[in-house]
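Colleague:
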Amino acid sequence: MERIPILKLGNCLIAPIQVDMDDSTAIALQEELTQQIVKHRAKGVLIDISSLDVVDSFIGRMLANTAAMARVLDADTVVVGMQPSVAITLVELGLSLKGVRSALNVEKGMELLRRADEEPAAEPANADDEK
Amino acid sequence: MADSMPQVLARALHGESSAILQAWTSQQEHDLSLRNNLLKPGELQKQSQQLLDALSQALKDGPADDFSTSTTWEPVRDLLSRTSRSRAKQGFTPSETATVVMSMKRPLLASLQRQVGDDSSTLNEATWWTTDLLDRLALFTMETYQKEREEVIVRQQQELSELSTPVVQLWEGILALPLIGTLDSARTQVVMESLLQAIVDTGSAIAIIDITGVPLVDTLVAQHLLKTVAAARLMGADCIISGIRPQIAQTIVHLGVELTDVITKATLADAFAVALGRTGKAVVAKKQ
């Protein structure tokens, strides 16, 4: 079984998906991501699916679930680099990933996470982690 | 009864070919009197002559029992399909096209009568056989005419769907998709694909879908639009729908379509202003 690496960058976690995901890979990723969020007290999760050509309803739901879990653990999720064919497939499957934010590429995704982190200015603890 | 029906007819055709041609052409000219400007002078005469020659050759050559497949009738089929195709292109009506063959009946039957003479049973049979043959020729003509028309329609549909889905870049990071004409499932698919591909190619974060040219928005069209918006959102691009006319706004509300998740603007200019604001740009008047 192939493992998806999870990288820590500041207070964000990055999961670049470079292989064709099967169900067990997806579940493993989900488990490890939630563990890492707790371990590093991450505020943002960025999942890069730019090299993913095929998705099915399971992977789609997995993405939505991961976002929901991260939300519970107080982290924002951004999915970046979705291919047009993948987007069309997900829409046809009726999965619009309501709770998930998306961005065109990693750069814009990181910017989105940073802005989301700044917005709730009520938490001064985060301000120290900036930059 | 010495001769078979094809032979009787062939003899009639051979014996009076010029008279038949004369009568047939004048009959056609009479039927098409209003449309004479569509045909070049002499074209009708030439077409008729060729068809008559092919017909008499086919009658001489062999059995006529199987008009649609036998090789003896191939020249006749060729000529007929060429004629009806060209008529379809020139804009003749179906009945005018069928007239080409139908108008042959009167001169042919008259010639048969002169040929056979008083033998009423032979005449009866020959008349029946000739009518039958001409009917089949006419049906074939109509079929080809119809086919040609359908090809024209299919070609136009393809051209239309390619023509009407341009994605234009208004500014760096801002795309616009002016939609013109009715949206059906097939077209939405093309629209969606070309928009999403353009989003990837240009790295744009905002796309404006302008529906000024969409004549009517029903639940199906609204659903198609929402699908496109959802797909673009999944890729990380926001969509703005603009060009909503008052009547369409009324229809959308009456139908109970939920457009609350999407930014909607009345005009493309409004949408562009919003898009500029989103990308952190503004239009500023030049200092005098």
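Chains as they are written, first to last, in numbering that gives the first Met the number 0: chain A, 0 to 130; chain B, 0 to 287. The beta carbon of each residue, even a glycine, is placed where N, CA and C say it ideally should be.
Rounded to the nearest angstrom, what separates L8/B and Q114/B at their Cα positions?
Modeller: Position 9 of the second sequence, counting from 1, holds the residue named residue 8/B. Position 115 of the second sequence, counting from 1, holds the residue named residue 114/B. Spanning the two alpha carbons is a distance of roughly 9 Å.
Colleague: Just checking: is the beta-carbon of L258/B within a distance shorter than 8 Å of some beta-carbon in chain A?
Modeller: Along the second sequence, one-based indexing puts residue 258/B at 259. No, no contact with chain A.
Colleague: The alpha helix (DSSP H) spanning R113/B covers which residue range?
Modeller: Numbered from its first residue, the second sequence carries residue 113/B at position 114. K104 to V115 is the extent of the alpha helix (DSSP H) around R113/B.
Colleague: Apart from the five residues just before and just after T316/B, which ones in its own chain have a Cβ nearer than 8 Å to its Cβ?
Modeller: This structure cannot settle anything about residue 316/B, because the visible part of chain B is limited to 0 through 287.
Colleague: Keeping to the same chain, check which residues put their C-beta closer than 7 Å to that of M103/B; ignore five residues upstream and five downstream.
Modeller: Stepping through the second sequence from its first residue, residue 103/B is reached at position 104. W23 and L133.
Colleague: How would you list, in chain order, the residues of chain B whose beta-carbon sits under 7 Å from the beta-carbon of D96/A?
Modeller: Sequence index remark: in the first sequence, residue 96/A carries index 97 (1-based). The question names Asp, yet the displayed sequence has Leu at residue 96/A. Within chain B, the residues near L96/A are L233.
Colleague: Considering only residues of the region 194 to 275 of chain B, which uninterrupted beta strand (DSSP E) runs meet the minimum length of 3 residues and lie entirely inside it, listed in chain order?
Modeller: Counting only runs of 3 or more, we get 205 to 212 and 237 to 241.
Colleague: At least one CB of chain A closer than 8 Å to the CB of M141/B: is that the case?
Modeller: Taking the first residue of the second sequence as position 1, residue 141/B is located at position 142. No, because no Cβ of chain A sits closer than 8 Å to the Cβ of M141/B.
Colleague: Run through chain A and tell me which residues come within less than 9 Å of A204/B, C-beta to C-beta.
Modeller: Your numbering for residue 204/B matches position 205 in the second sequence. Neighbours of A204/B on chain A, chain order: A102, L103 and K107.
Colleague: Rounded to the nearest angstrom, what separates A115/A and R148/B at their Cα positions?
Modeller: Mapped onto the first sequence, residue 115/A falls at position 116. Mapped onto the second sequence, residue 148/B falls at position 149. Straight-line Cα distance between these residues: approximately 59 Å.
Colleague: How should M234/B be labelled, buried or exposed, when 16 other C-beta atoms within 10 angstroms of its C-beta is the threshold for buried?
Modeller: Mapped onto the second sequence, residue 234/B falls at position 235. Buried: at least 16 other Cβ atoms inside 10 Å.
Colleague: Measure the CB-CB distance between A229/B and S203/B and report whether it falls below 8 Å.
Modeller: Here residue 229/B is taken as the residue at index 230 of the second sequence, counted from 1. Here residue 203/B is taken as the residue at index 204 of the second sequence, counted from 1. Not a contact, by the Cβ cut-off of 8 Å.
Colleague: Between the beta-carbon of I207/B and the beta-carbon of A175/B, is there less than 8 Å?
Modeller: Residue numbering aside, residue 207/B sits at position 208 when the second sequence is read from its first letter. Residue numbering aside, residue 175/B sits at position 176 when the second sequence is read from its first letter. Yes, they are a contact pair.
Colleague: Can you give the Cα-Cα distance for I205/B and T227/B, rounded to whole angstroms?
Modeller: Stepping through the second sequence from its first residue, residue 205/B is reached at position 206. Stepping through the second sequence from its first residue, residue 227/B is reached at position 228. Distance between the alpha carbons of I205/B and T227/B is about 13 Å.
Colleague: Could you work out which residue in D131/B, T121/B, L50/B and L38/B is closest to G90/B when comparing CA atoms only?
Modeller: Locating residue 90/B in the second sequence gives position 91, where the first residue counts as 1. Answer by Cα proximity: L38/B.
Colleague: Measure from the alpha carbon of T92/B to the alpha carbon of each residue in D52/B, L54/B, M141/B and L20/B, then state which is nearest.
Modeller: Translated into positions along the second sequence, residue 92/B becomes position 93. Checking every option, the nearest Cα to that of T92/B belongs to M141/B.
Colleague: Comparing C-alpha positions only, which one of V256/B, I240/B, D200/B and A272/B sits nearest to M81/A?
Modeller: Your numbering for residue 81/A matches position 82 in the first sequence. Of V256/B, I240/B, D200/B and A272/B, the residue nearest in Cα terms is D200/B.
Colleague: Can you tell me whether DSSP reads A175/B as helix, strand or coil?
Modeller: Along the second sequence, read from residue 1 onward, the residue named residue 175/B stands at position 176. It is a strand residue.
Colleague: Strictly below 9 Å CB to CB, what residues from chain B border I5/A?
Modeller: Within the first sequence, residue 5/A is the residue found at index 6, counting from 1. What I5/A touches in chain B: nothing, since even the nearest Cβ is about 21 Å away.
Colleague: Can you tell me which residues form a DSSP beta bridge with V7/B?
Modeller: Position 8 of the second sequence holds residue 7/B. DSSP, once it has assigned bridges, lists no residue as partnering V7/B.
Colleague: Tell me which same chain residues have a C-beta within less than 8 Å of the C-beta of D30/B, skipping the five on either side of it?
Modeller: Your numbering for residue 30/B matches position 31 in the second sequence. Answer for D30/B: E95, T98 and S102, listed in chain order.
Colleague: Could you list which residues in chain A have their beta carbon closer than 9 Å to that of M103/B, in chain order?
Modeller: Walking along the second sequence from the start, residue 103/B turns up at place 104. Chain A residues near M103/B: none, gap ~56 Å exceeds 9 Å.
Colleague: Does DSSP put V151/B in a helix, in a strand, or in coil?
Modeller: Indexing the second sequence from 1 puts residue 151/B at position 152. Residue state, collapsed to three classes: helix.
Colleague: Please check if any C-beta of chain A sits within less than 8 Å of the C-beta of Q49/B.
Modeller: Locating residue 49/B in the second sequence gives position 50, counting from the first residue. It does not; no Cβ of chain A falls within 8 Å.
Colleague: Is there at least one Cβ from chain B nearer than 8 Å to A25/A's Cβ?
Modeller: Sequence index remark: in the first sequence, residue 25/A carries index 26 (1-based). No, A25/A lies away from the interface with chain B (no Cβ there is under 8 Å from its Cβ).
Colleague: Could you name the residues of chain A that L195/B contacts, counting a contact when the two beta carbons are closer than 8 Å?
Modeller: Within the second sequence, numbered from 1, the residue matching residue 195/B stands at position 196. Per Cβ cutoff of 8 Å: P83, A86 and I87.
Colleague: Which stretch, first to last residue, makes up the alpha helix (DSSP H) that contains I26/A?
Modeller: As a working mapping, residue 26/A is identified with position 27 in the first sequence. Unbroken alpha helix (DSSP H) run through I26/A: D22 to H39.
Colleague: For a test of the three-state rule: what should DSSP assign to D128/A, helix, strand or coil?
Modeller: Against the first sequence, residue 128/A aligns to sequence position 129. Because the pLDDT of D128/A is 43, which lies under 50, any placement of that residue in the model is unreliable, and the number read from its coordinates should be weighed accordingly. Reduced to three states, the DSSP call for D128/A is helix.
Colleague: Just how far apart, CA to CA, sit G14/B and Q145/B?
Modeller: Start at 1 with the first residue of the second sequence, and residue 14/B comes out as number 15. Start at 1 with the first residue of the second sequence, and residue 145/B comes out as number 146. So the two alpha carbons sit approximately 35 Å from each other.
Colleague: Of all the CB atoms in chain B, is at least one closer than 8 Å to the CB of V90/A?
Modeller: The residue labelled residue 90/A in the question sits at position 91 within the first sequence. So yes, V90/A belongs to the interface.
Colleague: Against V44/A, what residues of chain B qualify as contacts under a CB-to-CB distance less than 9 Å, listed in chain order?
Modeller: Within the first sequence, residue 44/A is the residue found at index 45, counting from 1. Going along chain B, no residue has its Cβ under 9 Å from V44/A, so there is no contact; the nearest lies around 15 Å.
Colleague: Out of P74/B, T143/B and T68/B, which has the shortest C-alpha to C-alpha gap to Q56/B?
Modeller: The residue labelled residue 56/B in the question sits at position 57 within the second sequence. When each option's Cα is compared against that of Q56/B, the closest is P74/B.
Colleague: Mind checking the region 166 to 192 of chain B against chain A and listing, in chain order, the residues whose C-beta falls within less than 9 Å of any C-beta there?
Modeller: Per Cβ criterion, the list reads Q188, M191 and E192.
Colleague: Buried or exposed for Q156/B, please, with buried defined as at least 16 other CB atoms from any protein chain shown within 10 angstroms of its CB.
Modeller: As a working mapping, residue 156/B is identified with position 157 in the second sequence. Under this definition Q156/B is an exposed residue.
Colleague: Residues in its own chain within less than 7 Å of L92/A by CB, not counting five upstream and five downstream?
Modeller: The residue labelled residue 92/A in the question sits at position 93 within the first sequence. So the qualifying residues of the chain are S56 and G59.
Colleague: Got a sec, what are the start and stop residues for the beta strand (DSSP E) S101/A sits in?
Modeller: Reading the first sequence from its first residue, position 102 is the one you call residue 101/A. Residues R100 to A102.
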